[in-house]
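Numbering (this note's numbering), first residue to last: 26 to 412.
Every residue, glycine too, gets a C-beta built ideally from N, C-alpha and C.
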Ligand SMILES: Cc1cc2nc3c(=O)[nH]c(=O)nc-3n(C[C@H](O)[C@H](O)[C@H](O)COP(=O)(O)OP(=O)(O)OC[C@H]3O[C@@H](n4cnc5c(N)ncnc54)[C@H](O)[C@@H]3O)c2cc1C
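The structure is reproduced here in structure tokens:
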């Protein structure tokens, strides 16, 4: 077992750190206005060679691994102090592009992956519906065959990157078979008649880019856009594990932001004539934060390093890492806020955005209880646990 990064990975890490720093100091504005120059950020990331990290070279990607992705996203988010820097790699390597990689149709991969890895189009993933989030296997969106097309009807919400993204990997019911066996995935282009993209409701955190709605009304989509039809839910979930990995990295980065900000604060702030960091309860808090972050990094890097074909994280490792992160990041960021005293709850210090983002991201990619269900199912494959 080797915990050292290769020279190439160290170079990627340094490049991502530099790009992250380049965008530092902007998130307060993006958070307040709930808007960001996302497309400009994507151009910076493309020019730095940080898009399409896990996509094979034959499609214009970097042909790298999920670990490359983890290293890059952590540095981008932690150094920019903004989750949005991670969204460029996400929409060009994350679960949406992973779904496209899973497509049976070579011409579909050829059509969509090159513009995606070039940052010309972004691919979001659309599973959640107003009445179905955790119970994805009950989703109501339908895809019904009609000659060379499928007619898609349904309503998706909380879709990160809608309405900005140009492509949506939409999970739909392809068959009347109830449960997971009827569910498949189809790629829907923004601009297709019958595909309406809305901004959706305002969020507590993870602001600056909408998590919007995708409303599909008799939307005709060519058959070759089907990634997988009914009966392949398990394979589709291997693509979705990239989402879980992304959220693990996200928790790691947000906790990292809180740590960096808290350390900077308590080293400068004085109380009772001493630097605050000199109080034992304070440096113990800092050590606890550091410990949680390092544990999260180990889980995240393990989930990335054990990925099938280097790019599809395994369900157990990705779920463990995401679960730990969802529980750790809200706590660590809250400790960071506490260590800032009253300053922590003003809008002047980045630690509060990290806390709001960590709380907001807790259920993204699966609520903790649902991840525990997935982990238990892996640990006890001979049993069936009722949901
Ligand atoms: C930051 C963020 C980004 C997101 N981005 C996307 C995206 O890009 N695409 C997308 O499709 N979705 C996205 N989502 C939606 C997300 O996947 C869902 O919010 C999540 O799956 C939970 O679904 P829900 O909100 O409907 O909650 P529900 O499923 O209604 O859950 C409500 C509560 O019930 C509990 N619960 C549910 N089932 C069980 C069970 N079996 N056992 C125990 N407890 C249970 C949950 O823990 C939760 O506390 C995003 C969400 C967030 C917060």
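What is the C-beta distance between residue i and residue j, in whole angstroms, given that I count them as a contact (C-beta under 8 Å)?
i: residue 281; j: residue 318; result: 6 Å
i: residue 92; j: residue 102; result: With a Cβ gap of about 16 Å, residue 92 and residue 102 do not count as contacting.
i: residue 349; j: residue 316; result: Not confirmed; about 12 Å, so no contact.
i: residue 262; j: residue 340; result: 7 Å
i: residue 63; j: residue 142; result: About 17 Å; that fails the 8 Å criterion.
i: residue 42; j: residue 100; result: 4 Å
i: residue 390; j: residue 268; result: 4 Å
i: residue 44; j: residue 76; result: About 11 Å; that fails the 8 Å criterion.
i: residue 149; j: residue 185; result: 6 Å
i: residue 52; j: residue 378; result: 6 Å
i: residue 215; j: residue 223; result: Rounded, the Cβ-Cβ distance is 12 Å, inconsistent with contact.
Should residue i and residue j be called a contact, given that it needs their Cβ atoms to be closer than 8 Å?
i: residue 79; j: residue 252; result: no
i: residue 386; j: residue 272; result: yes
i: residue 170; j: residue 213; result: no
i: residue 275; j: residue 108; result: yes
i: residue 244; j: residue 219; result: yes
i: residue 199; j: residue 151; result: no
i: residue 124; j: residue 197; result: no
i: residue 181; j: residue 153; result: yes
i: residue 265; j: residue 120; result: yes
i: residue 90; j: residue 332; result: yes
i: residue 98; j: residue 351; result: no
i: residue 191; j: residue 225; result: no
i: residue 286; j: residue 376; result: yes
i: residue 175; j: residue 82; result: no
i: residue 227; j: residue 59; result: yes
i: residue 113; j: residue 144; result: yes
Measuring straight from C-alpha to C-alpha, what distance separates residue i and residue j?
i: residue 167; j: residue 237; result: 19 Å
i: residue 73; j: residue 183; result: 29 Å
i: residue 355; j: residue 361; result: 10 Å
i: residue 344; j: residue 131; result: 30 Å
i: residue 322; j: residue 55; result: 27 Å
i: residue 46; j: residue 242; result: 43 Å
i: residue 128; j: residue 320; result: 35 Å
i: residue 179; j: residue 313; result: 45 Å
i: residue 96; j: residue 38; result: 6 Å
i: residue 383; j: residue 105; result: 16 Å
i: residue 380; j: residue 126; result: 34 Å
i: residue 31; j: residue 70; result: 21 Å
i: residue 338; j: residue 303; result: 42 Å
i: residue 187; j: residue 295; result: 45 Å
i: residue 68; j: residue 404; result: 43 Å
i: residue 173; j: residue 157; result: 29 Å
i: residue 406; j: residue 159; result: 21 Å
i: residue 353; j: residue 207; result: 35 Å
i: residue 229; j: residue 270; result: 23 Å
i: residue 284; j: residue 358; result: 8 Å
i: residue 139; j: residue 86; result: 7 Å
i: residue 115; j: residue 288; result: 29 Å
i: residue 290; j: residue 401; result: 41 Å
i: residue 201; j: residue 61; result: 41 Å
i: residue 311; j: residue 205; result: 44 Å
i: residue 36; j: residue 26; result: 21 Å
i: residue 15; j: residue 260; result: Residue 15 cannot be examined here, being either before or after the span of the chain that is shown, 26 to 412.
i: residue 342; j: residue 57; result: 36 Å
i: residue 203; j: residue 326; result: 36 Å
i: residue 399; j: residue 161; result: 13 Å
i: residue 33; j: residue 334; result: 19 Å
i: residue 410; j: residue 392; result: 17 Å
_contact_flag[the region 305-314, the region 216-233] where n(CB pairs < 8 Å) is 3 or more_ = No, because fewer than three Cβ pairs between the region 305-314 and the region 216-233 fall closer than 8 Å, the two stretches do not touch.
*asked:* Just to confirm the assignment: which complete alpha helix (DSSP H) runs, minimum length 4, are found wholly within the region 119-144?
replied: 120-127 and 131-142
*For the region 357-366 and the region 127-141, state whether three or more C-beta atom pairs, one from each stretch, are separated by less than 8 Å.*
Contact annotation: the region 357-366 does not touch the region 127-141, with fewer than three C-beta pairs closer than 8 Å.
*asked:* Ignoring anything shorter than 4 residues, give me the alpha helix (DSSP H) runs that lie fully in the region 348-394, in order along the chain.
replied: 376-385
_Residue ranges of each alpha helix (DSSP H) within the region 293-353, 4 or longer_ = 305-330
*What are the complete alpha helix (DSSP H) segments, minimum 4 residues, inside the region 75-112?*
91-105
_Segments of 4+ residues assigned as alpha helix (DSSP H) that fall wholly inside the region 28-73_ = 32-47, 52-58 and 63-72
*For the region 146-228, which segments carrying the beta strand (DSSP E) assignment without a break, of at least 3 residues, lie completely within its bounds, in sequence order?*
DSSP runs (the beta strand (DSSP E)) wholly in the region 146-228: 148-151, 167-171, 174-185, 192-198, 208-214 and 220-223.
*Considering only residues of the region 239-296, which uninterrupted alpha helix (DSSP H) runs meet the minimum length of 4 residues and lie entirely inside it, listed in chain order?*
With a minimum length of 4 residues, the continuous alpha helix (DSSP H) runs that stay inside the region 239-296 are 258-293.
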